[in-house]
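Peer 1: Order-wise, the sequence lines are chains Z and X. Residue numbering for the first sequence follows this note's numbering, starting at 10 and increasing by one per position. Residue numbering for the second sequence follows this note's numbering, starting at 2 and increasing by one per position. Before I ask anything, here is the structure I am working with.
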Amino acid sequence: MSGISAMYNDTAVLFRRSLTHSFRSPEILAGITISPVMFVLMFRYVFGGAIDVGETTYVNYLMAGIFVQTIAFGALTTAMTLANDLEKGIVDRFFSLPMARSAVLTGRTLADLLRNAFTIVVMILVGLLVGYRPGGSVADWSAALALMLVFSFAISWVGALMALAVPKVEALQQLSFVVILPLTFVSSAFVKTDTMPGALRAFAENQPVTQVVDAVRALTLDQPVGNTVTASVVWSIAILVVSIPLAAAVFRRMGTR
Amino acid sequence: MSTAPFTAQTVVEDAEAAILATGLTKNFGETCAVAGVDLTVERGTVTALLGPNGAGKTTTVRILTTLLKPDGGSATVAGHDIARSPGAVRARIGLTGQFTAIDELLTGRENLIMIGRLARMQKAAAADRAVELLARFELADDADRRAGTYSGGMRRRLDLAASLIANPEVLFLDEPTTGLDPRSRLGMWELIEELVAQGTTVLLTTQYLDEADALADEIIVIDHGRVIARGTSDTLKDEIGGERLELRLVDPARTAHASARLTAAGVEVAGAGEAEGTISVALTRGPVEIAELIQTLDRDGFTLDEVTVHRPTLDDVFLTLTGQHAEDAGDALREGRE
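Written out as structure tokens, the structure reads:
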């Protein structure tokens, strides 16, 4: 079997494995159904009345933020499941096989991409039930979905990298608190950034989550996109360009320490 | 797919050893885990690496299965160099690691097919082989249940089945029975014996002398990363001595008297402790000797408080070979005593 077809075969096998996990693990299943629904409902009804976003309703403003926040949290699932594999020793078994080792990472991240796509659909449906009335053409929506999926793929490689750097499930939970929470909450996901104090606002306005949220929001609410689409694409590609080779290098080293 | 699954038969005429390692070393920072291990495992034989926790057994196995790069030394496994052609080695080995490496969310069958597919088997071939292995390892009835619901013994059997899916020439078993109850342990021994009877070469690690004794053609005793003894089970036993009978008298004051009585009767008394009333006897003739010995003492009015048969354990091996107790071998000690 040539390198490419081996890589394809092994990625397909492990993609299926990860996907099966998504539907059999109660934690992951809750993560892709219950928690995004809870977030939509809580922000819509708890904060929704108190936050004034001006030109549109809060639920319309909120949904782009919830999409991207859920995607970013999805990186944690990537990290946790990979760390779990590393801890449990199944990766040792994989490494003792004549397989393409990188398939462990590509199979996982591709399955997580599909998982996130599924979650976005769930959230759109729940949103529509509670008053989400987006605009945007089919082309706008296609662009918005594409941006979210590329970002999803990029951020799950960051999750993979975190798991490889800290292959302990509990330590990862702490690390994620420091990395993922600020990225999602110090952004334009739930509130406008212009009420934030100086340094926080500067961070919020220039970090990738805000770019993706703003681009998706503008595309789906018929607002001017400005440079947010370009910025989102650049961020996602930059993350991929850095994290894929880095993760692959760390992973190769792990196998043959 | 260009490569057919390898079977033991394809290389049977190849005369060279299944595993040939010279001067393997591995350091983790300051710690020297393996300090120059040489080993030869002939095709179709079983070799046991015997040693306490931290002796370097797992590190040796991880080097030979291409999971770790050695700092020094070289090795060939199934005729291929572990450093130059790790892929060829991986295509010919099976590994059952110290910790069960099964996917708990997949069923037994799904686990085996997945490993088969990753071992370059066609889907149909992997599925057929999975059915065969599930039946052989008495998992057929539970084939479509998630492995997470399996008992410890079943998990270990599934783990072993996974390492056999692609018909490996050389099988590595790292502490295959650690954590198993006695019945599952015996079941695992039987499975390993069957595999060997069919021509698979096995390198196993264990902390249990009785396990090495039961399964291995050759035992390599390893301590602090070095080989401290090697030989068949019989040659090792000759070195460390066989079974002992430990007696304890109700009245410790009569210890010397009883000991003299036994010696007079032709029994080999290995030691006596007057404070506790204990006498240690080297058994040379088996259970008959135990009955005779107890009768002798009973006839002369010595009342016994406790009688224990002591089989040699890993700790005895270490005491004899190094003059020191095996470190961290608490479990092995308990397990070895009857």
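We put the beta carbon where it would ideally sit given N, CA and C, even for glycine.
Note down, in chain order, every chain X residue with its Cβ under 7 angstroms from the Cβ of Met276 of chain Z.
Peer 2: Lying before the first or after the last residue shown, residue 276 of chain Z is absent from chain Z, which here runs from 10 to 266.
Peer 1: Nearest to Val139 of chain Z by CA position, among Z:Val187, Z:Ser105 and Z:Val68, is which residue?
Peer 2: Here the question's residue 139 of chain Z lines up with position 130 in the first sequence. For Val139 of chain Z, the nearest C-alpha among the options comes from Z:Val68.
Peer 1: For Val259 of chain Z, go through chain X and note every residue whose CB falls closer than 9 angstroms to its CB, in chain order.
Peer 2: Translated into the one-based positions of the first sequence, residue 259 of chain Z becomes position 250. Near Val259 of chain Z there are no residues of chain X at all, since even the closest Cβ is about 15 angstroms away, more than 9 angstroms.
Peer 1: Does Val12 of chain X come within less than 7 angstroms of chain Z when only Cβ atoms are used?
Peer 2: In the second sequence, counting from the first residue as 1, residue 12 of chain X sits at position 11. Here the model assigns Val12 of chain X a pLDDT of 42, short of 50, so the residue's position is not dependable, and the following value carries that caveat. No, no contact with chain Z.
Peer 1: Using the rule of at least 16 other Cβ atoms within 10 Å of the residue's Cβ for burial, across every protein chain shown, is Asp231 of chain Z buried or exposed?
Peer 2: Working through the first sequence from its first residue, we reach residue 231 of chain Z at position 222. The residue is exposed, with fewer than 16 neighbouring Cβ atoms inside 10 Å.
Peer 1: Would you report the Cα separation of Leu250 of chain X and Ala273 of chain X, rounded to the nearest angstrom?
Peer 2: Taking the first residue of the second sequence as position 1, residue 250 of chain X is located at position 249. Taking the first residue of the second sequence as position 1, residue 273 of chain X is located at position 272. Cα-Cα distance, rounded: 11 angstroms.
Peer 1: For the stretch 53 to 141 of chain Z, list the alpha helix (DSSP H) runs that are entirely contained and at least 4 residues long, ordered along the chain.
Peer 2: DSSP runs (the alpha helix (DSSP H)) wholly in the stretch 53 to 141 of chain Z: 67 to 97, 99 to 104 and 112 to 138.
Peer 1: Starting from Met155 of chain X, find everything on chain Z with Cβ-Cβ shorter than 9 angstroms and list it in chain order.
Peer 2: Working through the second sequence from its first residue, we reach residue 155 of chain X at position 154. What Met155 of chain X touches in chain Z: nothing, since even the nearest Cβ is about 17 angstroms away.
Peer 1: Of all the CB atoms in chain X, is at least one closer than 7 angstroms to the CB of Phe194 of chain Z?
Peer 2: Along the first sequence, read from residue 1 onward, the residue named residue 194 of chain Z stands at position 185. With 7 angstroms as the cut-off, Phe194 of chain Z does not count as an interface residue toward chain X.
Peer 1: For chain Z, find out if any of its Cβ atoms is closer than 7 angstroms to the Cβ of Ala126 of chain X; answer yes or no.
Peer 2: Stepping through the second sequence from its first residue, residue 126 of chain X is reached at position 125. No - not a single Cβ of chain Z is within 7 angstroms of the one on Ala126 of chain X.
Peer 1: Who are the near neighbours of Thr42 of chain Z in its chain, counting only those whose CB is closer than 7 angstroms to its CB and skipping five residues on each side?
Peer 2: Counting from 1 along the first sequence, the entry for residue 42 of chain Z is found at position 33. Closer than 7 angstroms at the Cβ level, and outside the excluded window around Thr42 of chain Z, lie Val131.
Peer 1: Once DSSP output is grouped into helix, strand and coil, what is the label at Ile223 of chain X?
Peer 2: Sequence index remark: in the second sequence, residue 223 of chain X carries index 222 (1-based). Strand at Ile223 of chain X.
Peer 1: For Ala88 of chain Z, which residues from the same chain have a beta carbon less than 6 angstroms from its beta carbon, with the 5 sequence-adjacent residues on both sides left out?
Peer 2: For the purposes of this step, residue 88 of chain Z is taken as residue 79 along the first sequence, with counting starting at 1. Closer than 6 angstroms at Cβ, skipping near neighbours: Gly168, Met171, Ala172 and Leu181.
Peer 1: Establish whether the CB of Phe24 of chain Z and some CB of chain X are separated by less than 7 angstroms.
Peer 2: Taking the first sequence and counting its residues from 1, the one referred to as residue 24 of chain Z is at position 15. Not closer than 7 angstroms to any Cβ of chain X, the Cβ of Phe24 of chain Z fails to qualify, so no.
Peer 1: Would you tell me roughly how many angstroms separate the C-alpha atoms of Asp15 of chain X and Ala109 of chain Z, rounded to the nearest one?
Peer 2: The residue labelled residue 15 of chain X in the question sits at position 14 within the second sequence. The residue labelled residue 109 of chain Z in the question sits at position 100 within the first sequence. With a pLDDT of only 47 at Asp15 of chain X, under 50, the local geometry of the prediction cannot be trusted, and the value read off the model is given with reservation. Rounded to the nearest angstrom, the two C-alpha atoms are 28 angstroms apart.
Peer 1: Give every residue of the same chain whose Cβ lies closer than 8 angstroms to the Cβ of Thr193 of chain Z, excluding the five residues on either side of it in the sequence, and list them in chain order.
Peer 2: As a position in the first sequence, residue 193 of chain Z is number 184, starting the count at 1. Around Thr193 of chain Z: Val77, Gln78, Ala81, Phe82 and Val218.
Peer 1: On a CA-only basis, which of X:Leu298, X:Glu277 and X:Pro253 is nearest Val268 of chain X? Give me that one, please.
Peer 2: Within the second sequence, residue 268 of chain X is the residue found at index 267, counting from 1. If we check each option's Cα against that of Val268 of chain X, X:Leu298 comes out closest.
Peer 1: Short of 8 angstroms in beta carbon distance, which residues of its chain neighbour Gly331 of chain X, apart from the five on each side in sequence? Order them along the chain.
Peer 2: Along the second sequence, read from residue 1 onward, the residue named residue 331 of chain X stands at position 330. With a pLDDT of only 41 at Gly331 of chain X, under 50, the local geometry of the prediction cannot be trusted, and the value read off the model is given with reservation. Once the five neighbours on either side are set aside, Gly331 of chain X has no close Cβ partner at all.
Peer 1: Using a Cβ-Cβ cut-off of 7 angstroms (strictly less than) and excluding sequence neighbours within five positions of Leu21 of chain X, which residues of its own chain qualify?
Peer 2: By one-based count along the second sequence, residue 21 of chain X stands at place 20. So the list reads Thr41, Ala76 and Thr77, once near-sequence residues are dropped.
Peer 1: Can you name the residues of chain X whose CB is closer than 7 angstroms to the CB of Phe104 of chain Z?
Peer 2: Along the first sequence, one-based indexing puts residue 104 of chain Z at 95. Those within 7 angstroms of Phe104 of chain Z in chain X are Leu68.
Peer 1: Return yes when the C-beta of Asp82 of chain X is under 6 angstroms from any heavy atom of the ligand ATP, and no when it is not.
Peer 2: Annotation note on the ligand ATP: not contained in the displayed structure, which lists no ligands.
Peer 1: Do you know offhand how far Arg262 of chain X's Cα is from Glu244 of chain X's?
Peer 2: In the second sequence, the residue the question calls residue 262 of chain X occupies position 261. In the second sequence, the residue the question calls residue 244 of chain X occupies position 243. Going from the Cα of Arg262 of chain X to the Cα of Glu244 of chain X covers about 21 angstroms.
Peer 1: What does a CB cutoff of less than 6 angstroms around Arg124 of chain Z pick up in its chain, not counting 5 residues either side in sequence?
Peer 2: The residue you call residue 124 of chain Z lines up with position 115 of the first sequence. Answer for Arg124 of chain Z: Ser31 and Ile41, listed in chain order.
Peer 1: Below 7 angstroms on C-beta distance, what does Thr29 of chain Z contact in chain X?
Peer 2: Locating residue 29 of chain Z in the first sequence gives position 20, where the first residue counts as 1. Residues of chain X passing the Cβ test: Leu106 and Leu107.
Peer 1: For Ala39 of chain Z, which option in Z:Ser245, Z:Leu71, Z:Thr86 and Z:Thr115 has the closest C-alpha, if you only look at C-alpha atoms?
Peer 2: In the first sequence, residue 39 of chain Z corresponds to position 30, counting from 1. For Ala39 of chain Z, the nearest C-alpha among the options comes from Z:Thr86.
Peer 1: Of all the beta strand (DSSP E) runs that stay within the bounds of the stretch 180 to 227 of chain X, which reach a length of 3 or more residues?
Peer 2: Listed in chain order, the complete beta strand (DSSP E) runs (minimum 3 residues) inside the stretch 180 to 227 of chain X are 202 to 207 and 219 to 224.
Peer 1: Closer than 7 angstroms, CB to CB, is Ser34 of chain Z near chain X or not?
Peer 2: Residue numbering aside, residue 34 of chain Z sits at position 25 when the first sequence is read from its first letter. True, the Cβ-Cβ gap to chain X drops below 7 angstroms.
Peer 1: Can you check DSSP and say which residues form a bridge with Ala148 of chain Z?
Peer 2: Taking the first residue of the first sequence as position 1, residue 148 of chain Z is located at position 139. Paired residue(s): none; Ala148 of chain Z is not in a bridge.
Peer 1: Give the straight-line distance between the Cα atoms of Ala92 of chain Z and Asp104 of chain X, rounded to the nearest whole angstrom.
Peer 2: Counting from 1 along the first sequence, the entry for residue 92 of chain Z is found at position 83. Counting from 1 along the second sequence, the entry for residue 104 of chain X is found at position 103. So the alpha carbons of these two residues sit roughly 14 angstroms apart.
Peer 1: Just reading off the alpha helix (DSSP H) that Thr297 of chain X is part of, what are its end residues?
Peer 2: For the purposes of this step, residue 297 of chain X is identified with residue 296 of the second sequence, where counting begins at 1. Counting along the chain, the alpha helix (DSSP H) containing Thr297 of chain X begins and ends at Pro288 to Arg300.
Peer 1: Just the Cα atoms here: how many angstroms apart are Arg300 of chain X and Ala276 of chain X?
Peer 2: As a working note, residue 300 of chain X is residue 299 in the second sequence. As a working note, residue 276 of chain X is residue 275 in the second sequence. If I take the Cα positions, the gap works out to 23 angstroms.
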